[in-house]
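Chains as they are written, first to last, in this note's numbering: chain X, 308 to 422; chain Y, 4 to 255. By construction, the Cβ of each residue, glycine as well, lies at the ideal position given by its N, Cα and C atoms. Quick notes on the structure that follows.
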């Protein structure tokens with residue numbers, strides 16, 4: 308049970324991120340909540356890949372065969388982090404545009420839809 | 004739906020989701036009890052098969068290079084989207100150029116100016132080191148590219164907006180972004196021309212531990228580094244320009 312706690316932490320972060328997105332009154336805040344939500348995947352992947360006594364999967368100065376953690380999940384995470392940063396930039400650009408066009412960043416008040 | 008109703012609906016469904024999470028996670032192996040076969044297999048064979056000591060990058064740029072190609076193009080498309088949303092309209096463009104001189108004069112202390120410029124050189128060298136040694140030690144094109152792209156921001160922080168604009172809006176940045184993304188695809192296609200499958204590591208692998216080893220892993224890593232640098236420099240440039248424009252509007 309105690310060794311399952313990291314999984315619960317991932318779920319905890321995920322749900323709070325979701326809560327932020329649902330109740331947000333500010334689009335910038337909403338984008339940050341999405342970033343928080345996404346960090347739960349990092350916790351989950353690290354937990355899945357961890358091996359007791361494992362070290363980093365880099366064999367530059369340790370012999371092949373040493374106990375290392377799973378490099379697959381780390382490879383997934385690595386690209387995820389960079390992509391998340393650029394997607395956040397894209398979403399924030401949309402927020403700036405929404406503010407210019409509708410003069411508000413409250414998602415409740417974004418009701419304009421003109422062709 | 005008003006906020007209260009929405010929050011109530013969310014809390015009810017989130018509670019249900021949390022129960023499902025707990026039930027599902029309790030069935031997973033506890034932390035540290037790793038059972039999957041792939042992690043064991045790949046750490047055993049990667050160094051011999053690919054002559055790369057950093058297994059994470061051997062996976063990223065070789066075993067699942069096709070996935071990384073897709074992820075790289077997500078990055079490319081996102082940067083393209085930001086540039087598209089912030090494309091300058093022609094009327095404003097003229098005004099900005101005439102204000103370029105004013106922008107140089109943001110008040111900054113001498114200590115900040117000198118120390119940031121001293122750190123910049125270090126950052127560029129470190130960025131190149133990280134981007135080119137991905138096959139040996141932690142780090143690769145993604146990380147190195149982000150470090151390299153952060154260097155011009157220091158120039159901006161040091162108050163040298165003119166030089167920042169000159170560096171970041173040069174055509175070289177755009178060429179880097181497109182060339183890096185295209186280079187990745189070209190490496191994949193040249194494997195086809197060499198008679199193997201798309202993105203196969205067909206280059207001689209070299210000696211394990213050398214800088215020029217691991218075949219296409221090192222080359223792709225550098226390509227990604229070039230693309231990430233170009234993309235992130237353009238992102239920072241366009242956002243910081245927005246800030247400068249807003250400040251100038253406030254002043255006038």
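- Message: Considering only heavy atoms of the ligand GDP, does any lie closer than 8 Å to the CB of residue 227 of chain Y?
- Response: The ligand GDP is absent from the structure shown, which contains no ligand whatsoever.
* **Endpoints, the alpha helix (DSSP H) within which residue 54 of chain Y is located** => Here residue 54 of chain Y belongs to no alpha helix (DSSP H), and DSSP marks it neither H nor E.
* To do: Taking only runs that begin and end inside the segment 332-415 of chain X, name each unbroken alpha helix (DSSP H) of 4 or more residues, in chain order.
  => 334-356 and 378-409
inquiry  = By the DSSP assignment, the alpha helix (DSSP H) with residue 313 of chain X in it spans what residues?
reply    = 312-330
In angstroms, rounded to a whole number, what distance separates the CA positions of residue 232 of chain Y and residue 63 of chain Y?
18 Å
Review point. What is the DSSP secondary structure of residue 35 of chain Y, counted as helix, strand or coil?
Key: strand
Partners in chain Y for residue 313 of chain X, counting only beta-carbon separations shorter than 7 Å: 34
key: Delimiting residues of the alpha helix (DSSP H) encompassing residue 135 of chain Y   = 113-135
query = Distance, Cα to Cα, residue 129 of chain Y vs residue 136 of chain Y?
reply = 11 Å
Query raised in the report: What three-state label does DSSP hand residue 155 of chain Y in the structure shown?
Result: helix
* Would residue 112 of chain Y count as contacting chain X if we go by Cβ distances under 9 Å? -> no
Hey, does residue 47 of chain Y have any beta-carbon neighbour from chain X nearer than 9 Å? yes
| field | Residue closest to residue 376 of chain X, alpha-carbon to alpha-carbon, out of X:356, X:414 and X:392 | value | X:356
Practice prompt. Would you mind telling me which residues of chain X sit closer than 8 Å to residue 245 of chain Y, beta carbon to beta carbon, in chain order?
Written response: 403
key: Helix, strand or coil at residue 252 of chain Y according to DSSP, with G and I counted as helix   = helix
- If you compare alpha carbons, which of Y:202, Y:149 and Y:216 is closest to residue 208 of chain Y? Y:216
Determine, using beta carbons only, whether residue 91 of chain Y comes closer than 9 Å to chain X.
no
Cβ-based burial, residue 101 of chain Y [other Cβ within 10 Å; buried from 16]:
Reliability of the predicted coordinates at residue 101 of chain Y is poor, the pLDDT of 47 falling under 50, and no value is obtained from them.
- prompt: Between the Cα of residue 147 of chain Y and the Cα atoms of Y:40, Y:30, Y:236 and Y:246, which residue gives the shortest distance?
  reply: Y:236
I want to verify the contact list: residues of chain X whose CB lies under 7 Å from the CB of residue 40 of chain Y, in sequence order.
Chain X residues near residue 40 of chain Y: none, gap ~10 Å exceeds 7 Å.
Report task. Please report the Cβ distance between residue 263 of chain Y and residue 238 of chain Y, rounded to the nearest whole angstrom; I am assuming they are in contact, meaning their Cβ atoms lie under 8 Å. Result -> Chain Y is shown only over 4 to 255; residue 263 of chain Y falls outside these bounds and no answer can be derived.
**Request:** Thinking residue 405 of chain X and residue 334 of chain X are a contact (beta carbons under 8 Å), I'd like their distance in whole angstroms, please.
**Result:** 6 Å
Considering only the beta carbon of each residue, do residue 211 of chain Y and residue 46 of chain Y sit closer than 9 Å? no
Exercise for review: Determine the contact status of residue 183 of chain Y and residue 228 of chain Y, defining contact as a CB-CB distance below 9 Å.
Suggested key: yes
Note to self: Under 9 Å, Cβ to Cβ, is there at least one residue of chain X near residue 171 of chain Y?
What the structure shows: no
(request) Have a look at X:325, X:381 and X:311 and flag the residue whose alpha-carbon is nearest the alpha-carbon of residue 12 of chain Y. (result) X:325
### is_contact[residue 409 of chain X, chain Y] using C-beta, thresh 9 Å
no
With DSSP run on the structure shown, which of helix, strand or coil describes residue 91 of chain Y? coil
- Task: Go ahead and pull the three-state DSSP assignment for residue 110 of chain Y.
- Result: coil
message = Taking only three categories from DSSP, how would you classify residue 210 of chain Y?
response = coil
Quiz prompt | Residue from X:351, X:343 and X:398 with nearest C-alpha to residue 384 of chain X | solution = X:351
For residue 391 of chain X, which of Y:87, Y:77 and Y:90 has the nearest alpha-carbon? Y:77
So which residues on chain Y does residue 381 of chain X lean against when the C-beta distance must stay under 7 Å? 59
- Item | Three-state secondary structure (DSSP) of residue 101 of chain Y | At residue 101 of chain Y, the pLDDT of 47 sits below 50, so the modelled position is not reliable; the number obtained from the coordinates is stated separately. Helix.
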